[in-house]
Structures are given as structure tokens and as C-alpha cells.
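Chemist: Submitted below is the structure of interest, expressed as C-alpha cells.
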Amino acid sequence: MDKKRFEIIEKQGKLQQFQVIRDNETGVLYMSQAQGYGLGMTVLVDAEGKPLVDQEYVRSGKHTM
């Protein structure tokens, strides 16, 4: 499989690091936060509580669904 399922599309911070990760099959966005030995990860949601989808990525036709 050439294409990676998950891709880091945004990253910020050094000691406390935040990343936005895209699922390349669905376009759904996740956020992870790491500090020291701790790590948290969650799906990003819109105002209605539905998973946030990278619409530009879906429109580009690069997703696999």
C-alpha cells in the first residue's frame, strides 16, 4: 500500500505539541495533544457534534471512499 491512511496536516508547539491528523480514506479530522509522557487524541466535531471532514480534501478526489 503506497498511500498512508493517516496524515499529519498541521502541527504546532514544541514542549506541548498539537497535531491535526486526517484519515485519508474518509477525510475525517482528529486532533492529538502530547506533553511529556502523556498523549490525548479526539475526533474534531462541528457545531452539531458531527465529525469534522476536510471538505477540500474530499472535493480534490484524493480520498479513497
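The working numbering runs 969 ahead of the 1-based position in the sequence shown. Heads up, the beta-carbon is just placed ideally off N, CA and C, and yes, glycines get one too.
Express the C-alpha separation of LEU1008 and LYS972 in angstroms, rounding to a whole number.
Modeler: By 1-based counting over the sequence shown, the position of residue 972 is 3. By 1-based counting over the sequence shown, the position of residue 1008 is 39. Looking at the two C-alpha atoms, the distance is approximately 25 angstroms.
Chemist: Whose CA, out of GLY982, GLN986, GLN981 and ILE990, lies closest to the CA of TYR1026?
Modeler: Locating residue 1026 in the sequence shown gives position 57, where the first residue counts as 1. If we check each option's Cα against that of TYR1026, ILE990 comes out closest.
Chemist: Taking all protein chains shown into account, decide if LEU984 is buried (16 or more other Cβ within 10 angstroms of its Cβ) or exposed.
Modeler: Position 15 of the sequence shown, counted from the first residue, corresponds to residue 984. The residue in question, LEU984, is exposed, as its Cβ has fewer than 16 Cβ neighbours within 10 Å.
Chemist: Around the C-beta of GLY996, are 16 or more other C-beta atoms found within 10 angstroms, so that it is buried, or is it exposed?
Modeler: The residue given as residue 996 occupies position 27 in the sequence shown. With 16 or more Cβ atoms within 10 Å of its Cβ, GLY996 is classed as buried.
Chemist: Near LEU1021, which residues of its chain fall below 8 angstroms by C-beta distance, leaving aside the five closest residues on each side in sequence?
Modeler: Taking the sequence shown and counting its residues from 1, the one referred to as residue 1021 is at position 52. Correct list, in chain order: VAL997, LEU998, VAL1012, LEU1013, VAL1014 and ASP1015.
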